[in-house]
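Trainee:
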Amino acid sequence: MPSLILGLDSSTQSLSAVVIDKDERRIVHETGMQFSDRFPHYNTVDGVLRDDDPTLVHAPPLMWVEALDQLLLSLADTINLADVVAIAGSGQQHGSVYLKSGMNDCLATLDPKQALHLQLREQFARATAPIWMDASTADECQRLTDDLGGSDVLCQHTGSVAVERFTGPQIKKFAEQEPAAYAETAHICLVSSFICSLLAGRIVGIDYADATGMNLFDLRQRDWHAAALDSCGAGLADKLQSAIDPCRFVGAVSPYMQQRYGFHAGCQVLPFSGDNPCSLIGLGLIDEDMTAISLGTSDTLFGHMTALPAQMSPCAHTFIAPTNHYMLLLCFKNGSLAREAVRRDCGLDWEGFSAAVDSTEPGNNGGFMLPWFETEIVPRVMQPGVHLHGMKADDHNAMCRGVVEAQMLSMNIHAAEAGLQPGSIRVTGGASQNRSILQVMADVFQCPVDVLEISNGAALGAALRALQASEQCSWDAAVADFTAVDERRRVMPRTACADVYASLAAQYAAAERAALSVV
Ligand code: ADP
Ligand code: XUL
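Quick note on numbering that gives the first Met the number 0: the sequence shown kicks off at 0 and runs consecutively.
#1: What did DSSP end up calling I202 once you bin it into helix, strand or coil?
#2: Going residue by residue through the region 268-352, where are the continuous beta strand (DSSP E) segments of at least 3 residues, counting only ones entirely within it?
#3: Taking 7 Å as the threshold (C-beta atoms), are P60 and V96 in contact?
#4: Return helix, strand or coil for G174, following the three-state DSSP convention.
#5: Taking 6 Å as the cut-off, is the C-beta of Q267 nearer than that to any heavy atom in the ligand XUL?
#6: Can you tell which of Y255, D209, S516, H263 has the C-alpha that lies nearest to the C-alpha of A242?
#7: Based on Cα-Cα distance, which residue from T322, L117, F331 lies nearest to C314?
#8: The alpha helix (DSSP H) spanning G456 covers which residue range?
#9: Closer than 5 Å between the C-beta and any heavy atom of the ligand XUL: which residues qualify, listed along the chain?
#10: Using beta-carbon positions only, say whether L408 and A291 come within less than 7 Å of one another.
#11: For the candidate residues T144, Y260, D50, I319, whose alpha-carbon lies nearest to that of D68?
#12: CB-CB under 8 Å to Q445, same chain, minus the five flanking residues each way: which ones, in chain order?
#13: Going by beta-carbon coordinates alone, are I4 and L466 separated by less than 7 Å?
#14: When you compare the CB positions of I436 and V403, do they come within less than 7 Å of one another, or not?
#15: Around the Cβ of Q471, are there at least 16 other Cβ atoms within 10 angstroms (buried) or fewer (exposed)?
#16: A226 to H116, Cα distance in whole Å?
#17: Under the three-state reduction of DSSP, which class applies to T77: helix, strand or coil?
#18: For the alpha helix (DSSP H) that contains G401, what are its first and last residues?
#19: Rounded to whole angstroms, what is the Cα-Cα separation between G200 and A513?
#20: What are the start and end residues of the beta strand (DSSP E) that includes M368?
#21: Bridge partners for Y507 per DSSP, in chain order?
#22: State buried or exposed for R247, treating a residue as buried only when at least 16 other CB atoms are found within 10 Å of its CB.
#23: If you measure between the beta carbons of S272 and P245, is that distance less than 7 Å?
#24: Which residues mark the beginning and the end of the alpha helix (DSSP H) in which Y260 is found?
#25: Hey, quick one: how far does the alpha helix (DSSP H) through M32 stretch, first residue to last?
#26: Is N333 near the ligand ADP - that is, is its Cβ less than 6 Å away from at least one heavy atom of it?
#27: Of the choices Y507, I170, F38, whose alpha-carbon is the least far from that of G365?
#28: L336 to M0, Cα distance in whole Å?
#29: Is E339 close to the ligand ADP? I mean its beta-carbon at under 6 Å from any heavy atom of the ligand.
#30: Taking 6 Å as the cut-off, does the CB of S13 come closer than this to any heavy atom belonging to the ligand ADP?
#31: Can you name the start and end residues of the alpha helix (DSSP H) that Y207 belongs to?
#32: For Q240 versus G204, is the C-beta distance shorter than 7 Å?
#33: Where DSSP assigns a beta bridge to T427, which residues make up the other side?
#34: Is any heavy atom in the ligand ADP found nearer than 6 Å to the beta carbon of W63?
#35: Can you tell me where the beta strand (DSSP E) holding C188 begins and where it ends?
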């Protein structure tokens with residue numbers, strides 16, 4: 000009996016896949032490709048296109064399409080795709096794709112002998128997609144907030160105050176600054192719903208979970224918020240179409256997918272969702288009071304909630320979870336790329352970086368930094384700048400420890416503001432394999448840190464969502480065999496560090512307040 004399930008993750012820097020066997024309850028295959036290495040002709044660096052203006056960050060959606068084609072072709076060489084019974088996926092959140100009215104016809108009449116990207120390239124009303132790293136919509140955020148009657152109203156309805164990277168303000172900017180291209184746009188997708196549409200062979204709606212990252216979706220009504228739509232663009236309800244339940248299949252894979260890659264006609268496609276909502280499942284966070292940190296391009300900290308809080312926290316985002324419950328999330332843009340910047344400046348590989356962290360004392364002898372290598376989301380920093388306090392840029396060991404300590408202190412301080420005080424943390428993402436980073440995390444948060452065997456929690460989470468939907472089992476039963484932690488690999492906090500970090504946290508918070516009042 001066919002029993003494979005495919006989980007995809009179209010993230011900032013790469014496209015990856017996890018294949019699980021639902022009967023044997025195990026991962027059978029993992030693979031991935033880096034956008035910038037594999038597809039240099041799109042001229043991205045780390046998967047993105049930057050501008051002289053540091054607030055502008057886009058990516059070419061056609062690159063994601065070409066990557067999907069290449070990944071599925073290489074998967075078809077390794078596993079029998081006819082044995083895949085269900086597919087789900089994850090996408091970097093907030094990024095938006097603008098398509099012309101011919102897209103549905105084009106998807107319905109694709110030639111399986113030709114690559115996907117070659118047939119879709121005329122269908123984009125906007126060649127590049129603004130992504131989550133874009134911070135260029137401060138003005139649109141202000142006007143959306145005013146239109147809705149203030150940030151508290153917007154936050155209570157949509158789960159977040161207006162945020163530059165969220166899709167509503169991004170659409171508003173596009174509609175106002177490029178009215179002709181906006182008029183030519185018949186469909187607006189998120190990264191998640193865009194990739195899902197390619198598999199389904201027609202444009203599918205945005206799932207409730209990823210919809211909550213747009214400043215456009217009413218959390219309680221589970222429907223678009225009419226006043227927010229009105230503020231962001233004419234005819235937006237039609238361009239977005241209805242949002243859909245993340246737990247219900249949209250239908251079978253398209254004839255193109257069957258003929259080109261060998262999927263079975265009965266293979267079902269589940270709505271794709273955001274990478275953080277999918278990671279929630281991939282890390283087994285289906286109960287209250289569990290916290291996770293994803294150390295990917297961005298660092299995110301999130302937890303699962305069975306009910307909405309009476310009052311939404313303005314410094315965090317409240318999303319609908321793929322379980323149809325809720326999740327709280329804080330996003331820090333200066334994640335892996337900031338750690339990489341320090342590593343590169345010091346001329347080290349990751350091993351050398353870890354050795355440098357390990358060679359220094361917790362608390363860095365009182366030195367610390369504010370690590371804003373680029374604009375930051377939490378706290379809101381629009382002018383990049385690294386502020387050193389009691390440490391020097393040419394002290395490589397101190398810089399390596401300093402960037403990690405700063406990130407962990409900031410996460411801990413701002414999570415506490417949002418009401419999250421983790422009793423233990425599960426980690427995922429590219430940097431989660433680095434034990435030196437995890438030791439600083441355990442020491443700063445003063446709680447145990449568990450790393451799951453798989454580093455791509457988002458792709459696994461997508462696969463587990465499809466498993467749950469195809470078996471209609473409980474979430475516990477879906478995740479149990481995949482997300483158990485190995486207690487022997489647990490990183491324990493060193494209690495001797497508690498005082499050091501309590502005092503450093505106070506200094507860090509004061510320096511952050513001072514810097515923000517100047518910036
Ligand atoms: P995303 O899903 O956002 O594209 P990933 O979760 O794949 O990102 O993480 C990619 C990042 O992981 C790279 O940018 C790199 O900085 C980081 N990384 C990879 N290996 C290590 C390591 N050994 N130590 C620290 N960071 C690492
Ligand atoms: C979350 C966020 C990022 C992206 C990319 O709000 O902006 O974590 O999802 O990973």
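C-beta: ideal position from N, C-alpha, C; glycine also.
Mentor: According to the structure data:
#1: Position 203 of the sequence shown, counted from the first residue, corresponds to residue 202. Taken through DSSP and simplified to helix, strand or coil, I202 comes out as coil.
#2: Those beta strand (DSSP E) runs which fall completely within the region 268-352 and span 3+ residues are 290-294, 298-304, 316-319, 325-331.
#3: Within the sequence shown, residue 96 is the residue found at index 97, counting from 1. Within the sequence shown, residue 60 is the residue found at index 61, counting from 1. Taking 7 Å as the Cβ cut-off, V96 and P60 qualify as a contacting pair.
#4: Position 175 of the sequence shown, counted from the first residue, corresponds to residue 174. Rather than Gly, the amino acid found at residue 174 in this sequence is Ala. A174 falls in the helix class under three-state DSSP.
#5: Counting from 1 along the sequence shown, the entry for residue 267 is found at position 268. Every heavy atom of the ligand XUL is 6 Å or more from the Cβ of Q267, so no.
#6: If you number the sequence shown from 1, residue 242 lands on position 243. Out of Y255, D209, S516, H263, D209 has the C-alpha closest to the C-alpha of A242.
#7: As a first step, residue 314 must be located in the sequence shown, where it is residue number 315. Ranking T322, L117, F331 by CA distance to the CA of C314 puts F331 first.
#8: Reading the sequence shown from its first residue, position 457 is the one you call residue 456. Its alpha helix (DSSP H) spans residues 456-470.
#9: Those residues that bring their Cβ nearer than 5 Å to a heavy atom of the ligand XUL are Q91, Q92, W131, D274, S297, T299, C330.
#10: Stepping through the sequence shown from its first residue, residue 408 is reached at position 409. Stepping through the sequence shown from its first residue, residue 291 is reached at position 292. Against a cut-off of 7 Å, the Cβ pair of A291 and L408 comes out as no contact.
#11: As a position in the sequence shown, residue 68 is number 69, starting the count at 1. The alpha carbon of D68 has as its nearest neighbour, out of T144, Y260, D50, I319, the alpha carbon of Y260.
#12: For the purposes of this step, residue 445 is identified with residue 446 of the sequence shown, where counting begins at 1. Around Q445, the same chain offers P492, T494, C496, A497, Y500 as residues with beta carbons nearer than 8 Å, after the five sequence neighbours per side are excluded.
#13: Counted from its first residue, the sequence shown places residue 4 at position 5. Counted from its first residue, the sequence shown places residue 466 at position 467. Going by C-beta atoms, I4 is nearer than 7 Å to L466.
#14: As a position in the sequence shown, residue 436 is number 437, starting the count at 1. As a position in the sequence shown, residue 403 is number 404, starting the count at 1. At the C-beta level, I436 and V403 come within 7 Å of one another.
#15: Residue mapping note: residue 471 aligns to position 472 of the sequence shown, counting from 1. Counting every other CB atom within 10 Å of its CB across the protein chains shown gives Q471 a total below 16, marking it as exposed.
#16: As a working note, residue 226 is residue 227 in the sequence shown. As a working note, residue 116 is residue 117 in the sequence shown. Cα-Cα distance, rounded: 36 Å.
#17: Residue numbering aside, residue 77 sits at position 78 when the sequence shown is read from its first letter. Assigned with DSSP and collapsed to three states, T77 falls in helix.
#18: By one-based count along the sequence shown, residue 401 stands at place 402. G401 -> alpha helix (DSSP H) spans 395-416.
#19: Taking the first residue of the sequence shown as position 1, residue 200 is located at position 201. Taking the first residue of the sequence shown as position 1, residue 513 is located at position 514. Taking the Cα positions, G200 is about 52 Å away from A513.
#20: As a working note, residue 368 is residue 369 in the sequence shown. Unbroken beta strand (DSSP E) run through M368: 367-371.
#21: Working through the sequence shown from its first residue, we reach residue 507 at position 508. Answer by DSSP bridge pairing: none, since Y507 is not bridged.
#22: Working through the sequence shown from its first residue, we reach residue 247 at position 248. R247 is classed as exposed because its beta carbon has fewer than 16 other beta carbons within 10 Å across all chains shown.
#23: As a first step, residue 272 must be located in the sequence shown, where it is residue number 273. As a first step, residue 245 must be located in the sequence shown, where it is residue number 246. In this structure, S272 sits near P245, with a CB-CB distance shorter than 7 Å.
#24: Within the sequence shown, numbered from 1, the residue matching residue 260 stands at position 261. For Y260, the enclosing alpha helix (DSSP H) has its first and last residue at 254-260.
#25: Locating residue 32 in the sequence shown gives position 33, where the first residue counts as 1. In the DSSP assignment, M32 falls outside any alpha helix (DSSP H) and lies within the beta strand (DSSP E) extending over 25-33.
#26: For the purposes of this step, residue 333 is taken as the residue at position 334 of the sequence shown. Because no heavy atom of the ligand ADP lies under 6 Å away, the Cβ of N333 does not count as near it: no.
#27: Stepping through the sequence shown from its first residue, residue 365 is reached at position 366. Checked all of Y507, I170, F38; the closest Cα to G365 is Y507.
#28: Start at 1 with the first residue of the sequence shown, and residue 336 comes out as number 337. Start at 1 with the first residue of the sequence shown, and residue 0 comes out as number 1. Their backbone Cα atoms lie some 44 Å apart in a straight line.
#29: Within the sequence shown, residue 339 is the residue found at index 340, counting from 1. Yes - the ligand ADP has a heavy atom lying nearer than 6 Å to the Cβ of E339.
#30: One-based indexing of the sequence shown puts residue 13 at position 14. S13: yes, Cβ under 6 Å from the ligand ADP.
#31: In the sequence shown, counting from the first residue as 1, residue 207 sits at position 208. Run containing Y207: 207-210, per the alpha helix (DSSP H) assignment.
#32: For the purposes of this step, residue 240 is taken as the residue at position 241 of the sequence shown. For the purposes of this step, residue 204 is taken as the residue at position 205 of the sequence shown. Taking 7 Å as the Cβ cut-off, Q240 and G204 qualify as a contacting pair.
#33: The residue given as residue 427 occupies position 428 in the sequence shown. DSSP lists S293 as the bridge partner or partners of T427.
#34: Locating residue 63 in the sequence shown gives position 64, counting from the first residue. Every heavy atom of the ligand ADP is 6 Å or more from the Cβ of W63, so no.
#35: As a position in the sequence shown, residue 188 is number 189, starting the count at 1. 186-189 is the extent of the beta strand (DSSP E) around C188.
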